[in-house]
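Take a look at the structure set out below.
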Amino acid sequence: MSSVADWEATPNPVKTNRAGLIGKPVDRYEGPLKVTGTAPYAYEVQPPSPPAYGVMIGAEIAVGRVTGADLAAARAAPGVLAVWTHENAPAQPPRGTKAHPRSSAGSRPALDGDRVTYWGQPVAFVVADTLENAVAAAHLVKLSYAPETPNVDFHGRLIDGVDPPGEKDVEVGDFEAGFKASPVQVDETWTTPIQNHCQMEPCASLAWWEGPDRCIAHTSVQMVKPAQHGLAETLGIDRDGVHLMTRYIGGGFGGKGQTYDDLTLAALAARELGRPVKVAFTRQQMMHGTIHRPATLQRVRLGAEKDGRLNAFSIMTWTHCHSDGAFTEHASNFARALYAAPNRLTGHRLVKLDLPHAGPMRAPGEASGTMSLEVAMDELAEKLGMDPVQLRIVNEPPVDPENGRPFSQRQLVRCLQEGAQLFGWDRRLPQPGQVRDGRWHVGLGMAAAIRGNFLLPAKCSFSVDAEGTITVRQGMTDIGTGTYTVLAQIAAETLGVPLGKVVVEIGDSELPPAPGSGGQFGAATAGSAALAAGVNLRRAVAELAVGDAGSPLHGGDPEAVTFQDGVIALENRSETLSDLIRRTRPEGLTVEGEIRPAQDAQRWSTQTYGAHFCEVGVDVVTGEVRVRRMLGVFAAGRILNAKTARSQLTGGMIWGVGAALTEGNAVDPRYGSLIAQDLAQYLVPAHADIGDLDAIMLDEVDDKANPMGIKGVGELGNSGASAAVANAIHNAVGVRVRDYPITPDKLLAALMARGL
Amino acid sequence: MRTTITVNGEARSLDLDPRTTLLDALREHLKLTGAKKGCDHGQCGACTVLVNGVRINACLSLAVMHDGDEVISIEGVGTPDRLHPVQVAFLNQDAFQCGYCTPGQICSTLGLLAELEAGHPSQETAPGAKPEFTGDEIRERMSGNICRCSAYPQIVAAIRQAAEQMA
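If you read the sequences in order, they're chains B and D. One gets the numbering used here by counting positions in the first sequence from 1 and adding 2 to each. One gets the numbering used here by counting positions in the second sequence from 1 and adding 5 to each.
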């Protein structure tokens, strides 16, 4: 069992960074394939024989039953190979079945009953010889329903909210008394809408069978093992009977943390038809058929002394999940570690609705929660007549304010101060509405960023062959985060070989298991396992050399062997890695490494931090908001690759801009469907929406986080970014819109209410 | 329907269902899967290819309409061993993450550079003026290509790098 003390005390090649590859802004490992369109995503893998094409049909009711299906016309249509509903789909084990008790996921049957529990739920499936024939036949499927009245009105059903399973409110001190006694108070309510991931690649799967017990599946999923096990359980075959691959993933953001019916149906149909079958969601189907970030209502109360010190704070979040679900958007949790205050109350209320499944989306909790608290802090600063940066510094806690644990590393104040200086925060006029640039009212806003850091168990293998090439193998994924690249850097640095001598194989269920990409734990988790494998391979190679009479290193101390430029050396004796392996292990040498969370990791509060600064222009005639400049300064441990990490952070910041200004989906109360069903209605940021925007990373090493001292960055950039935009809008025009997104209609209404 | 399209310099004769889009003809018939299907409705730009030198959304065009046309898809722009300067720039500037919108962004960049060269105006161009190679022009002209990973600042930097190298 490892301990934090071991991690801190033990040197390792990543810390030593002899060749300087750790942190270096190298180009993406798989980049040449991606820029030439030769990286095959799931639907693009070429199967051993021509595939058939599956098309899913979604329910046109939110809740009720499928009472009948007229499939005759579809079956008679050209090229049709199969038409399924719940009445004739292959039998599958009930949802959640684990025939193998240690499966990491239970069965996920498709078309498994007449019950409809959300609009767009796949209820029928057509397979044909071509995509065109399948799409045409799908239009001929006639379904009848017994609809029930959907319970989809979140704001009307807040009263139904209950504690999420196994959770209670967390109170420290006496919040109500502390709030009441505070001379300066903020008590406001914010709402955030349903948001959709909108990964550029819609979920897609391709499957074929090699015999009755062996299914080959390519899909687009962030976590390999649960996908493999869930599919095997669904198909009723041995867990290892599924070989699942997900080598290139066209965006995940949490929405591909699980598999969907495309995978189940492709595998079932491939078995029934005896040929490869591929199935993709349409863009429209993605909105309902995959998870979304649920809407929230957040009441924030801040009570402060006149010097700005918080005496009491509370965030209570109401949110919703699917009628059979329990997912909770924990928008209150992050606040527990953020600011000092003796009296604190946080908690959540969950409302079950007949809406599609809610689930995690980039920075779950923080992304939504900072949209209230970090604006509330701005409002408090305004009431106090205090600079918002200073208000945060005044409330900086010496230890985790909720549990008293020391921080492993916390550079929030430095992020705030350096960001303020680099951005030119001193040019901000505290009185709103003072700066004009032609028709634009210009304002500056800022917000703090925080996101937890996690480490999960993972394995990895390293091999060296007779050419001296290092191959990294891990059941890990790269959803655009840079996994391929940082694994290559760790391998090259650890074994002292050039980057060009490293091969990275990931996204495959037959490789050593890793938890995948999510919760910004990917690089730390997968990388730490890779480091362990690298250290083990170094030791194995060193022992091979000193034990081989033919090696110049023979008889030396294996601990003293150095690795550099493909050469292993002991003082002035050396040979190339490839010579040693060719002579002693021509078939190559493979070792595994493993990482587990430290037993004492919970003694520290380990987070990532940042500060956003934003300048907007607001057109008070049209209500249009333009983000003119934005800067984020972040502290997230050692950075493995300055280029890919910066991209993760700027990407997260732009997500914050989208959430602040344009993103949100509305529910049609009649049908329980989402109004925006494509990218022309659900507005993610486009090129023209984003001006000068950058992210800077502070030097930091967090040796308490993992053996490499790194932390995640994939979600940190998203946390707080929306609040910085909202605060800048207030500084520009003096009104607050607390109902996101801050669209021109709402902004104009607020301006008109103020008589502007 | 028998249709002959010159794809990446090679005449390809296909017997196509008239409902087949140019995008599906490339992806499913010619196995050129570089052009991506992100929305199938002309809203995301991931399927952007060049037809007779002009960028279009391949998902919005039926393949049989392109009999005799010259189509350049990302596979015709460069290969991993012989990258085009625009591809090098995207790689250097980290102008992509998941990579799914990237072939469309790169083909769109080639279209953009040609349009600027030819003096085609955009909404950002002052009336009657020749468009200049500015950040605003790039962002306006690239706005048909969505990148959910949001590599927009890096894409603009890549387009600047490529234009410099190609000048």
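Ideal Cβ positions, reconstructed from N, Cα and C, are used throughout, including at glycine. Computed from a prediction, not measured in an experiment: that's the story for all the values here.
Expressed to the nearest angstrom, what Euclidean distance is found between the alpha-carbon atoms of R584 of chain B and R30 of chain B?
30 Å
Determine the DSSP secondary structure at S724 of chain B, reduced to helix, strand or coil.
helix
Comparing C-alpha positions only, which one of D:A40, D:T8, D:I79 and D:C64 sits nearest to H71 of chain D?
D:T8
Check whether the Cβ of C154 of chain D lies closer than 8 Å to any Cβ atom in chain C.
Chain labels in this structure do not include chain C; the protein chains are B and D.
Alpha carbon to alpha carbon, how far is V1 of chain B from S649 of chain B?
There is no way to answer for residue 1 of chain B, as the model of chain B reaches only from 3 to 758.
Straight-line gap, D74 of chain D to A71 of chain B (C-alpha atoms, nearest Å):
44 Å
Where K227 of chain B falls: helix, strand or coil (DSSP):
helix
Touch check for the segment 193-210 of chain B and the segment 254-266 of chain B: three-plus C-beta pairs under 8 Å?
yes
Segment contact flag, the segment 365-376 of chain B with the segment 293-304 of chain B, C-beta cutoff 8 Å, min 3 pairs
yes
If you draw a straight line from the C-alpha of W211 of chain B to the C-alpha of H245 of chain B, how long is it?
10 Å
Can you check which of these residues, B:P687, B:D680, B:I677 and B:R672, is closest to A661 of chain B by C-alpha distance?
B:P687
Alpha carbon of F336 of chain B to alpha carbon of G454 of chain B, nearest angstrom:
8 Å
Contact set for P23 of chain D: own chain, Cβ-Cβ below 7 Å, skip 5 residues either direction
M6, L67 and V69
Residues bridged to A282 of chain B (per DSSP)
B:A206
Could you spell out the range, first to last residue, of the beta strand (DSSP E) harbouring L375 of chain B?
Where L375 of chain B is concerned, there is no enclosing beta strand (DSSP E), although the alpha helix (DSSP H) it sits in stretches over E368 to L386.
When you check each C-beta in the segment 636-668 of chain B against every C-beta of chain D, which residues fall closer than 7 Å?
K645, T646, S649, T652, G653, I656 and W657
Fully enclosed by the segment 47-127 of chain B, which beta strand (DSSP E) runs are 3 residues long or longer?
54-60, 66-72 and 82-86
Rounded to whole angstroms, what's the CA-CA distance from V1 of chain B to L35 of chain B? Just pull it up for me.
Any question about residue 1 of chain B goes unanswered here, given that chain B covers just 3 to 758.
Any C-beta of chain B sitting closer than 8 Å to the C-beta of A40 of chain D?
yes
Quick one: list the residues of chain B neighbouring I10 of chain D, beta-carbon separation under 7 Å, in chain order.
What I10 of chain D touches in chain B: nothing, since even the nearest Cβ is about 17 Å away.
Sequence ranges, alpha helix (DSSP H) only - wholly within the segment 255-342 of chain B, length at least 4:
263-275 and 285-291
For a quick check, are the C-beta atoms of E398 of chain B and L414 of chain B less than 8 Å apart?
yes
Contact set for R311 of chain B: own chain, Cβ-Cβ below 7 Å, skip 5 residues either direction:
V396 and N397
Consult DSSP for E33 of chain D and reduce its assignment to one of helix, strand or coil.
helix
Assuming A136 of chain B and V125 of chain B are in contact, meaning their beta carbons sit under 8 Å apart, how far apart are those beta carbons, in whole angstroms?
That pair is no contact at about 16 Å.
Could you tell me how far apart the beta carbons of P27 of chain B and K645 of chain B are, in whole angstroms, since I believe they sit closer than 8 Å?
4 Å
Whole angstroms are fine: how far does the CA of G83 of chain D sit from the CA of R165 of chain D?
19 Å
Straight-line gap, V143 of chain B to T69 of chain B (C-alpha atoms, nearest Å)
13 Å
Report the residues of the segment 672-693 of chain B with a CB closer than 7 Å to any CB of chain D, ordered along the chain.
D680, L681, A682, V686, P687, A688, H689, A690 and I692
In or out: D691 of chain B buried (at least 16 other Cβ within 10 Å) or exposed?
buried
Mind pulling the chain D residues with CB within less than 9 Å of D696 of chain B?
P158
Please classify D567 of chain B: is it buried, with 16 or more other beta-carbons within 10 angstroms of its beta-carbon, or exposed?
exposed
Establish whether the CB of P126 of chain D and some CB of chain B are separated by less than 8 Å.
no
With DSSP as the reference, identify every bridge partner of I10 of chain D, one or two as the case may be.
D:R17
In whole angstroms, what is the alpha-carbon distance linking Q601 of chain B and L457 of chain B?
12 Å
For A51 of chain D, decide whether its Cβ has a neighbour in chain B, counting only Cβ atoms nearer than 8 Å.
yes
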